[in-house]
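Number of protein chains: 4
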Amino acid sequence: MQLYGEEIGSRLLLGTAQYPSPQILAEAVKTSGTEIITVSLRREGADGAGTGFWQLIKELGVKILPNTAGCHTAKEAVTTAQMAREVFGTNWIKLEVIGHSDNLQPDVFGLVEAARILSDEGFQVFPYTTDDLVVGEKLLEAGCEVLMPWGAPIGSGQGLRNPDALRAMRAHFPNVPLIVDAGIGRPSDACMAMELGMDAVLLNTAVAKAGDPAVMGAAMAQAIEAGRQGYAAQMMERRDMAVPSTPILGMAVFD
Amino acid sequence: MQLYGEEIGSRLLLGTAQYPSPQILAEAVKTSGTEIITVSLRREGADGAGTGFWQLIKELGVKILPNTAGCHTAKEAVTTAQMAREVFGTNWIKLEVIGHSDNLQPDVFGLVEAARILSDEGFQVFPYTTDDLVVGEKLLEAGCEVLMPWGAPIGSGQGLRNPDALRAMRAHFPNVPLIVDAGIGRPSDACMAMELGMDAVLLNTAVAKAGDPAVMGAAMAQAIEAGRQGYAAQMMERRDMAVPSTPILGMAVFD
Amino acid sequence: MQLYGEEIGSRLLLGTAQYPSPQILAEAVKTSGTEIITVSLRREGADGAGTGFWQLIKELGVKILPNTAGCHTAKEAVTTAQMAREVFGTNWIKLEVIGHSDNLQPDVFGLVEAARILSDEGFQVFPYTTDDLVVGEKLLEAGCEVLMPWGAPIGSGQGLRNPDALRAMRAHFPNVPLIVDAGIGRPSDACMAMELGMDAVLLNTAVAKAGDPAVMGAAMAQAIEAGRQGYAAQMMERRDMAVPSTPILGMAVFD
Amino acid sequence: MQLYGEEIGSRLLLGTAQYPSPQILAEAVKTSGTEIITVSLRREGADGAGTGFWQLIKELGVKILPNTAGCHTAKEAVTTAQMAREVFGTNWIKLEVIGHSDNLQPDVFGLVEAARILSDEGFQVFPYTTDDLVVGEKLLEAGCEVLMPWGAPIGSGQGLRNPDALRAMRAHFPNVPLIVDAGIGRPSDACMAMELGMDAVLLNTAVAKAGDPAVMGAAMAQAIEAGRQGYAAQMMERRDMAVPSTPILGMAVFD
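Residue numbers (full-length UniProt numbering), protein chains in the order written: chain A, 1 to 255; chain B, 1 to 255; chain C, 1 to 255; chain D, 1 to 255.
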């Protein structure tokens, strides 16, 4: 998978919030095999408040995708992104412009505006968006080369609330990397996203809040790989009427 | 996982029908890592008609679970099981008593009857059953030590049509190995079965009829392992209202 | 709709348990327009304990379908049915043989046995059964002329857990009255049952435990009628790809 | 229900496209009891091309809600709305700005822009929108007093693809009339929309393409009323574990 020209092996992107401890986060990063983690500037702190956390992150040896979590306007997100570039030394930015504090959905208007400004400033934007095709097109026009549609509200663990809409995105944007971001709660959710042809999955709470985050990190990685392989190997059609799976007719084929 | 006293590593059981060729079947057996394959006596033939197939099966080095596919009465199934014991040299038998040619559902009356007779004769019965708790109890009383509830009609690939019923089975039979048999179409279906706490998954058509059976065999194995690990690691609760997954509040935990 | 030779106008059958008061039950019976109510002998009491309730029931002027609620064996159900015939003066009996106290599912073995005994004694049996086709056939062989498959566990309000299984029943038993019994929680559940081609719906908790049972009784009656009409009028096919509903092409048709 | 100050009795709004004949449309309008029908200016024709259709519409004696079906830009929609006001003599306009020809989804950017322009010109706008809360807010700011979120793509008959999103809209906009527009295929879909607390349903294909549109019109009207009453009467909670609906404990209540 290529993301802004970089070859990425793992199709699991991992958030770094809400873990019981930094050590457990470090373990989950390792078991999951992720190559990209998202980090909130707000937590990290531009003033170096979270020095210990920062040190830990660097030692993990994975690529950092700073995010603008907690920003509610385009302006705020742009400023946060600019600070993040300073702090983390990367043009990559996961762009979140939150529209509602309840469901943490994107504000698609602010999102497109901020994406345009940041792209013009040389950022490589990973926009957290809805499953709206028109919004997707606007983001591409604004300069984005990756789209990150939600599966369900952040932290809800509801899985894919509207698989058909994701399927439509895949059909419309065959050559754009699509990463499901938010809503994944279980390995089967992640697996299903990949079966729909998504390129990757970004998740956080499902691992951080699992009983055993390290084991869950590994489970998610496997589920994503399973879904990817299933998609690649062409899954059977679901059939309304049952047919025997061990017919006598099948004999001739073998002998 | 223990099945009739035998320790089994892989939680994927694979059917052997409907593959494009015996070679592709052999590949799928390997990539899936399965340790148990089901074989139909009817295909194999008591008269040695399918000698080549039989030879292939033996070379795979996996445990054979003969089945009574195609039997529509208890009597027919019992006779088929007895012949299978002769041919395959094992007490294991996957017991199918088909009740309807349309949906290939079990005839639960014939099933319990045949299970009782076969158990009395020293067979170790793996009954293909519905998700009915009372039927499950009768099968245990009849001597079965494993239950194999369906997910959906054989060959339909519909996945789990009634996950709540499987959940109820898990709750009622905490110490009985439960293997979802029939209906699995996609890796995410298999993953979901394991997340419900099932012990294993038996599938056939989903691999045999995939575009690339060998790759799909591997995908299924991964999905099953992912679901198992997810179950073991305790998945987060789904939440109706979204909550932020990168709260500033989380900071204190890390520093 | 004909049930054992009697012409019934309303396709809603109503249970009589769990209402806040007998008066509210009486109101719900009226608003729902039901012509058949089920009554538990156990509540009513063979000894006339519930005289007030009995009096109320008689004044409602609807047909009574006594039930064997609370019976866990065929024998118990048969005895209860015999007592109910004495008390209520009808050959009709809603036969419940409960298999599990958790999910209140039918014990299909005891059910078929009791159905045979009661049919032989001249009862007209309405069996509360699962959505198992083979069990359905056995019940018809035992003398039943109506089948009452569950939608979900009694009192759960989960709606139709396995619509495909009900669809299969409709296809297999085109000429047998099918009444969904148990699990209905909302008007849309009842509507959906009728859209699948069911002949009627029996419900209780959804009305009795509604905020306003009388209004809910009316709502259920409308929903059932709506679903019936929808089924009769042939609903459009669901389409995967959207098509415009106001095409300019349509013009020519009108002019 | 009040829509822009007008009291409307029926909660079913009906589209007028795709009927087998104008006579059948007229019948469906009557059986459905609708008080508002949507009409496409494009079909009707500003030049009076569809005179017969126009005459028919007037004779139906229902309120006309002209729509901008087929418009793909804000500008086009505004011009069409202005022409519609001339032709139909009403400030009401159902605003459609189509973003994609495949799924006929709204272009939320063009929609908000057109809604602002039209509201400023004195139109009373009924915007066909997605289930995006932020878009909903922008439309209210633009002057809309009604929102019409989609259930699924126009003409797909898929029902409600994302009920949780509609539920969130209801919670966020407690005092704004919400009308589900597009996607309804069956009476139970319409019923479910009302159970979620929607104020009304607008549909077209489900009636026009039914085997018998007149009967389906009546079925939809009943389903909508059933769902509305169910919502008003407070539906029972769905329960995970089954509970008996005819407990002996209930007795005391009645006597």
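Where is the CB? At the ideal position from N, CA and C, for every residue including glycine.
Owing to the predicted nature of the structure, the values given are computational and were not obtained by experimental measurement.
- Distance check between ALA74 (chain C) and each of C:GLY122, C:ALA115, C:LEU65 and C:LEU133 places C:ALA115 closest, using alpha-carbon atoms only.
- In this structure, ILE36 (chain D) places its C-beta atom within 9 Å of the C-beta atom of LYS63 (chain D).
- For SER40 (chain D), the enclosing beta strand (DSSP E) starts and ends at 36-40.
- The beta carbon of LEU140 (chain D) sits closer than 8 Å to the beta carbons of LEU147, PHE173 and VAL176 from its chain, once the five residues preceding and following it are set aside; these are given in chain order.
- Residues of the stretch 6-36 of chain C that bring their beta carbon within less than 9 Å of a beta carbon in chain D comprise GLY15, THR16, ALA17, GLN18, TYR19, PRO20, SER21, PRO22 and LEU25, in sequence order.
- Rounded to the nearest angstrom, the gap between the Cα atoms of GLY159 (chain B) and GLY183 (chain B) is 5 Å.
- At a cut-off of 9 Å, the C-beta of ARG170 (chain D) has no neighbouring C-beta in chain C.
- Per DSSP, reduced to three states, the secondary structure at GLU113 (chain C) is helical.
- Counting along the chain, PRO213 (chain D) sits inside no beta strand (DSSP E); it lies in the alpha helix (DSSP H) bounded by residues 213-232.
- By the neighbour-count criterion, in which a residue is buried when 16 or more other Cβ atoms sit within 10 angstroms of its Cβ, PRO20 (chain B) is exposed.
- Boundaries of the beta strand (DSSP E) around VAL201 (chain B): 200-203.
- Restricting attention to alpha helix (DSSP H) runs no shorter than 4 residues, the stretch 78-164 of chain A encloses them at 108-120 and 133-141, ordered along the chain.
- One alpha carbon belongs to TRP54 (chain B), the other to ARG11 (chain B), and they sit about 24 Å apart.
- Chain B places a beta carbon closer than 9 Å to that of THR205 (chain A), counting this residue as a contact.
- Rounded to whole angstroms, the gap between the alpha carbons of GLU59 (chain D) and MET192 (chain D) is 32 Å.
- Rounded to the nearest angstrom, the gap between the Cα atoms of MET220 (chain A) and SER101 (chain A) is 27 Å.
- In this structure, the beta-carbon distance from LEU104 (chain A) to LEU118 (chain A) does not fall below 9 Å.
- Per DSSP, the unbroken alpha helix (DSSP H) holding ILE24 (chain D) starts and ends at 22-32.
- When the beta-carbon positions are compared, THR16 (chain C) and ASN204 (chain C) come within less than 9 Å of each other.
- Here the alpha carbons of PRO66 (chain C) and THR38 (chain C) stand approximately 5 Å from one another.
- In the DSSP assignment, ASP181 (chain C) falls within the unbroken beta strand (DSSP E) covering 179-181.
- According to the DSSP secondary-structure assignment, LYS63 (chain C) is paired through a beta bridge with C:ILE36.
- In this structure, DSSP gives GLN55 (chain B) a helical state, which the three-state scheme calls helix.
- Not one beta carbon of chain C lies nearer than 9 Å to the beta carbon of PRO106 (chain D).
- In this structure, B:ASP199 is the residue among B:ALA210, B:LEU41, B:GLY211 and B:ASP199 with its C-alpha nearest to the C-alpha of GLU7 (chain B).
- Non-local beta-carbon contacts of GLY227 (chain A) in its own chain, meaning distances under 6 Å to residues more than five positions away in sequence, involve CYS191, MET194 and GLU195 in chain order.
- GLU7 (chain B) sits in a strand when the DSSP states are folded into three classes.
- For LEU14 (chain A), the uninterrupted beta strand (DSSP E) run begins and ends at 12-15, by DSSP.
- Cβ neighbours of ALA168 (chain D) within its own chain (closer than 7 Å, five residues either side excluded): LEU133.
- Between LEU111 (chain A) and VAL112 (chain D), the alpha-carbon positions lie close to 16 Å from each other.
- Residues of chain D whose Cβ lies closer than 9 Å to the Cβ of GLY155 (chain A) do not exist, since the nearest Cβ in that chain is about 14 Å away.
- Taking 7 Å as the upper bound on Cβ-Cβ separation, chain D lies near residues CYS191, MET192, GLU195, ASN204 and THR205 of the stretch 190-205 of chain C.
- Listed along chain A are GLN229, ALA232 and ALA233, each with a C-beta nearer than 7 Å to that of VAL215 (chain B).
- Taken in chain order, the members of the stretch 85-115 of chain A whose beta-carbon sits within less than 9 Å of a beta-carbon on chain D are GLY99, HIS100, ASP102, ASN103, GLN105, PRO106, ASP107, VAL108, PHE109, GLY110 and VAL112.
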